[in-house]
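**Student:** Have a look at this one.
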Amino acid sequence: MFLQRAAVALIFGPLALALIYFGDRMGGLVYFVPFAILLALATAEYVQLTRHLGWHVSIWLLLPLVIAQWVVAQWGEPAWVGPSFLVSMLFMLTAVLYSYEKQSSQTVAVDWMAYMGGFLLLGWLGSHFFSLRGIPYYAWQWTVLAMLTTWIADSGAYLVGKFVAGKYVLGKHQLSPRLSPNKTVEGFFGGLVLGTFFTVLIGYFLQLPLWPLVILGLLITILGPLGDLSISLLKREAGVKDSGNLLPGHGGALDRVDTLLWAVTIAYYLALYLPPLS
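Numbered per this note's numbering, the sequence shown spans residues 1 to 278.
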């Protein structure tokens, strides 16, 4: 399993980094198209999970609305974000109310929350994949760093939890026994240390300031696993192991972006409130 995961990472990791670096080519399409496809697949998997749970979320409604958020983030003005968000919410609310009036769903209140959850997760958080790449300074550096921090922390947690915990330290303690039995407290701290360390190291070579790097590393490695566990909750309730089978050893698209969604959002707002660097 580990070798399979490593092989896939070695193939697709450099490809993703190249797409980020050359992301402003062809008016941004070089970056937008592949990441939009990945997020669209994740959206489809989210809808499929809701169906396993007996909820009624339409991919034909949710997907266009989240794509609209990505397009606004990539090419729109900041002033467009609020109105597009509001219009999308009105579309979803109208669809749910219509469903209630037609009695086509017995879980209307839950359906509404499922729409909102998917929209916030994949529409709003997902839009930061494109907002971050479009910041006026150090755009590709911040985007690369957000993704590398996530991957390193995830790999560090996996390696420490699987090969170190219980063998070279005092014990092996489950982080969330019901949601994700394979995650360990030792792995969490291993990811925290390795993720933060390499964030600072890589950020130094990318000429980014020190203190935001420390904050970025800590926030992503601490809050990122919550994104992973939130999707684990849906999968556990739906009775499935992975959200899909997009990549061998890595699960589906939603499994791949659950932590990245939070990482790029954290990086965006951290970079946004930094002064331009000379």
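Even for Gly, the Cβ is constructed at its ideal location relative to N, Cα and C. This structure is a prediction, so every number in the text was calculated from the model and none was measured.
Find out if the Cβ-Cβ distance for the pair Ala271, Ile135 is shorter than 7 Å.
**Tutor:** Your numbering for residue 271 matches position 271 in the sequence shown. Your numbering for residue 135 matches position 135 in the sequence shown. In contact: Ala271 and Ile135 (Cβ atoms closer than 7 Å).
**Student:** So, at 7 Å on beta carbons, what are the nonlocal neighbours of Val57 in its own chain, with the 5 sequence-adjacent residues on each side left out?
**Tutor:** Taking the sequence shown and counting its residues from 1, one reaches residue 57 at position 57. Taken in chain order, the residues that qualify are Val47, Thr50, Asp111, Ala114, Tyr115, Gly118.
**Student:** Determine which residues share a DSSP beta bridge with Gly28 and list them.
**Tutor:** Along the sequence shown, read from residue 1 onward, the residue named residue 28 stands at position 28. Beta-bridge pairing links Gly28 to no other residue.
**Student:** How would you label Lys183, buried or exposed, when you count the other beta carbons within 10 angstroms and need 16 or more for buried?
**Tutor:** Position 183 of the sequence shown holds residue 183. Label assigned to Lys183: buried.
**Student:** Assess, as a yes-or-no matter, whether the region 197-216 is touched by the region 82-94 under the definition of 3 or more beta carbon pairs within less than 8 Å.
**Tutor:** No contact exists between the region 82-94 and the region 197-216.
**Student:** When burial is assigned at 16 or more other CB atoms within 10 Å of the CB, is Tyr137 buried or exposed?
**Tutor:** For this step, residue 137 is matched to residue 137 along the sequence shown. Exposed is the call here.
**Student:** So what's Gly217 in DSSP terms, helix, strand or just coil?
**Tutor:** In the sequence shown, counting from the first residue as 1, residue 217 sits at position 217. It is helical.
**Student:** Apart from the five residues on each side of it in sequence, which residues of its chain come closer than 7 Å, Cβ to Cβ, to Tyr100?
**Tutor:** Taking the first residue of the sequence shown as 1, we reach residue 100 at position 100. Only Val108 meet the Cβ criterion.
**Student:** Give the range of the alpha helix (DSSP H) segment to which Trp142 is assigned.
**Tutor:** Indexing the sequence shown from 1 puts residue 142 at position 142. Note, Trp142: alpha helix (DSSP H), 139-159.
**Student:** Between the alpha carbons of Ile220 and Ala146, how many angstroms are there, rounded?
**Tutor:** The sequence position of residue 220 within the sequence shown is 220, counting from 1. The sequence position of residue 146 within the sequence shown is 146, counting from 1. Taking the straight line from one Cα to the other gives about 8 Å.
**Student:** I'd like the span of the alpha helix (DSSP H) that includes Pro209, first residue to last.
**Tutor:** Numbered from 1 along the sequence shown, position 209 holds the residue referred to as residue 209. Taken as a continuous stretch (DSSP letters only), Pro209 belongs to no alpha helix (DSSP H), as it is neither H nor E.
**Student:** Which residue wins for smallest C-alpha separation from Leu39, given the options Gly123, Ala263, Leu61?
**Tutor:** Within the sequence shown, the letter at position 39 stands for residue 39. Of the listed residues, the one whose Cα sits closest to Leu39 is Gly123.
**Student:** For Thr184, name the three-state secondary structure that DSSP assigns.
**Tutor:** Working through the sequence shown from its first residue, we reach residue 184 at position 184. Looking at Thr184 - three-state DSSP - the assignment turns out to be strand.
**Student:** For Ser283, which beta-bridge partners are listed by DSSP?
**Tutor:** Residue coverage of the chain in this structure runs from 1 to 278, which leaves residue 283 outside it and unanswerable.
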